[in-house]
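Student: Can you read through this structure? Questions will come right after.
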Amino acid sequence: MRCAPQVHGASRDAIDHVKDIIQREINSVTDNPLLFPDKDKVISGGNFHGQPLALGLDYLGMAVSELGNIAERRIARLLDSSLNNGLNMFLTKHGGLNSGYMITQYTAASLVAENKILSNPACVDSIPTSANQEDHVSFGSISARKVRQIVENTEQILSIELITACQGVDLRSCNPLKDLGIGNRIVYQTVRELVPTLHEDRILYLEIKEVKDLIHTGQLVKRVKQKLTLL
Numbered sequence: 016m017r018c019a020p021q022v023h024g025a026s027r028d029a030i031d032h033v034k035d036i037i038q039r040e041i042n043s044v045t046d047n048p049l050l051f052p053d054k055d056k057v058i059s060g061g062n063f064h065g066q067p068l069a070l071g072l073d074y075l076g077m078a079v080s081e082l083g084n085i086a087e088r089r090i091a092r093l094l095d096s097s098l099n100n101g102l103n104m105f106l107t108k109h110g111g112l113n114s115g116y117m118i119t120q121y122t123a124a125s126l127v128a129e130n131k132i133l134s135n136p137a138c139v140d141s142i143p144t145s146a147n148q149e150d151h152v153s154f155g156s157i158s159a160r161k162v163r164q165i166v167e168n169t170e171q172i173l174s175i176e177l178i179t180a181c182q183g184v185d186l187r188s189c190n191p192l193k194d195l196g197i198g199n200r201i202v203y204q205t206v207r208e209l210v211p212t213l214h215e216d217r218i219l220y221l222e223i224k225e226v227k228d229l230i231h232t233g234q235l236v237k238r239v240k241q242k243l244t245l246l
């Protein structure tokens with residue numbers, strides 16, 4: 016818990032770094048050969064290789080995966096009555112009859128495990144192509160597909176964290192809208208518009224998806240920023 020700023024900050028730095036790489040590479044020339052008719056020159060080019068993107072995207076996958084790793088650890092602590100400072104086990108008032116949010120930690124743990132596998136870098140591998148004309152390749156397209164799945168998995172983990180955190184607030188506070196700070200209050204209200212307090216076990220995957228969509232589209236962050244800007 017105390018190292019969350021360091022973990023989140025390191026991931027944010029990595030994301031900013033990869034953003035710079037992508038912006039540079041997307042504006043570069045990848046043709047081969049490169050033709051400069053005004054200078055009457057033809058130059059052999061290798062920007063098509065894609066190594067900058069491959070390295071960057073593998074790095075991005077690790078950074079995003081770490082956000083999911085630490086979020087899952089917070090979920091696990093929140094659901095464990097021996098660690099959550101007095102909240103009910105699995106955040107349900109009627110344990111035994113109900114499982115509460117127990118199974119959501121299974122889901123988060125499964126997604127974290129998948130992310131760990133996907134975080135293995137593709138760019139350190141290679142295989143010759145074009146009759147050994149291109150004897151070293153970046154595997155950047157694999158890096159891109161992997162990081163896309165890592166991002167989707169991590170959004171689901173963060174969705175579970177938000178839902179369970181709101182449940183914890185309901186169990187802890189009689190008046191969440193009064194007790195929470197401004198930013199947390201907006202997050203709580205936004206989640207509660209989609210996900211009611213859990214009193215008895217119910218199907219949860221649709222609610223996880225709805226909150227995930229809030230994260231994916233940026234609407235949740237947008238709401239918080241708009242409110243804080245008005246203060």
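For the sequence shown, position 207 matches number 222 in the working numbering, and the numbering has no gaps at all.
We put the beta carbon where it would ideally sit given N, CA and C, even for glycine.
1) Using a Cβ-Cβ cut-off of 7 Å (strictly less than) and excluding sequence neighbours within five positions of residue 87, which residues of its own chain qualify?
2) The alpha helix (DSSP H) spanning residue 240 covers which residue range?
3) Starting from residue 56, follow its DSSP beta bridges and name the residues at the other end.
4) Could you tell me whether the region 198-207 touches the region 234-246, using the rule of 3 or more Cβ pairs below 8 Å?
5) Using three-state DSSP, classify residue 147 as helix, strand or coil.
6) Counting Cβ pairs, one atom from each stretch, are 3 or more of them under 8 Å apart for the region 134-145 and the region 101-108?
7) DSSP state of residue 199, grouped into three classes?
8) Inspect the beta-carbon positions of residue 130 and residue 169 and report whether they are closer than 8 Å.
9) So, is residue 234 buried or exposed, given that buried needs 16 or more other C-beta atoms within 10 angstroms?
10) Out of curiosity, what's the CA-to-CA distance linking residue 224 and residue 167?
11) With three or more beta-carbon pairs closer than 8 Å as the criterion, would you say the region 33-52 touches the region 61-68?
12) When we look at the beta-carbon of residue 184 and count the other beta-carbons within 10 Å, is it buried (16 or more) or exposed?
13) Determine, using beta-carbon pairs with one atom in the region 73-93 and one in the region 43-52, whether at least three such pairs fall under 8 Å.
14) What do you reckon, are the CB atoms on residue 227 and residue 174 nearer than 8 Å?
15) Looking at the unbroken alpha helix (DSSP H) that takes in residue 92, where does it start and where does it end?
Tutor: Taking the structure as given:
1) Reading the sequence shown from its first residue, position 72 is the one you call residue 87. Excluding residues within five positions, the ones whose Cβ falls inside 7 Å are 123, 124, 127, 172.
2) As a working note, residue 240 is residue 225 in the sequence shown. Looking at the DSSP string, the run of the alpha helix (DSSP H) that includes residue 240 is 234-245.
3) Here residue 56 corresponds to residue number 41 of the sequence shown, with the count starting at 1. BP columns for residue 56 point to 51.
4) yes
5) As a working mapping, residue 147 is identified with position 132 in the sequence shown. Coil.
6) no
7) The residue you call residue 199 lines up with position 184 of the sequence shown. Residue 199 falls in the helix class under three-state DSSP.
8) By one-based count along the sequence shown, residue 130 stands at place 115. By one-based count along the sequence shown, residue 169 stands at place 154. Cβ atoms of residue 130 and residue 169: closer than 8 Å.
9) Counting from 1 along the sequence shown, the entry for residue 234 is found at position 219. Exposed.
10) As a position in the sequence shown, residue 224 is number 209, starting the count at 1. As a position in the sequence shown, residue 167 is number 152, starting the count at 1. When rounded, the distance between both Cα atoms is 11 Å.
11) yes
12) Locating residue 184 in the sequence shown gives position 169, counting from the first residue. Answer is buried; the Cβ neighbour count reaches 16.
13) no
14) Here residue 227 refers to the residue found at position 212 of the sequence shown. Here residue 174 refers to the residue found at position 159 of the sequence shown. The answer is yes: Cβ separation under 8 Å.
15) Here the question's residue 92 lines up with position 77 in the sequence shown. Taken as a continuous stretch (DSSP letters only), the alpha helix (DSSP H) holding residue 92 covers 66-94.
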